[in-house]
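Numbering (this note's numbering), first residue to last: 171 to 260.
Idealized CB from N, CA, C, for every residue including glycine.
Here it is, written out as structure tokens:
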């Protein structure tokens with residue numbers, strides 16, 4: 171079962187180094203697309219159900235409601251259309 175919709179929460183992407191990201195919605199519309207600089211953050215609500223594509227998953231740290239969970243992936247790993255909420259247990 172999908173526990174994703176139990177509650178809405180804020181998801182924050184934090185960037186350790188310059189990393190290109192793109193976030194798309196369930197209809198493939200681009201919501202956000204940018205080369206993020208070191209130290210930048212992007213926050214959105216989990217109810218938006220965004221899919222993350224990024225050039226380097228090891229540069230991105232995820233936080234749920236301000237609680238840091240860890241990196242999206244390994245250094246140099248390219249991710250495509252990943253649902254961020256599914257990476258970590260909340």
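In terms of Cβ geometry, residue 214 and residue 194 do not form a close pair [threshold 8 Å]. Within its own chain, the residues whose Cβ lies closer than 6 Å to the Cβ of residue 212, once the five positions on either side in sequence are excluded, are 183, listed in chain order.
In the displayed model, residue 218 falls within a helix according to three-state DSSP. Annotated as distal: residue 231 and residue 180, with beta-carbon spacing of 8 Å or more.
Taken in chain order, the unbroken stretches of beta strand (DSSP E) that lie wholly in the stretch 189–216 and span 3 residues or more are 189–194, 200–206, 211–215.
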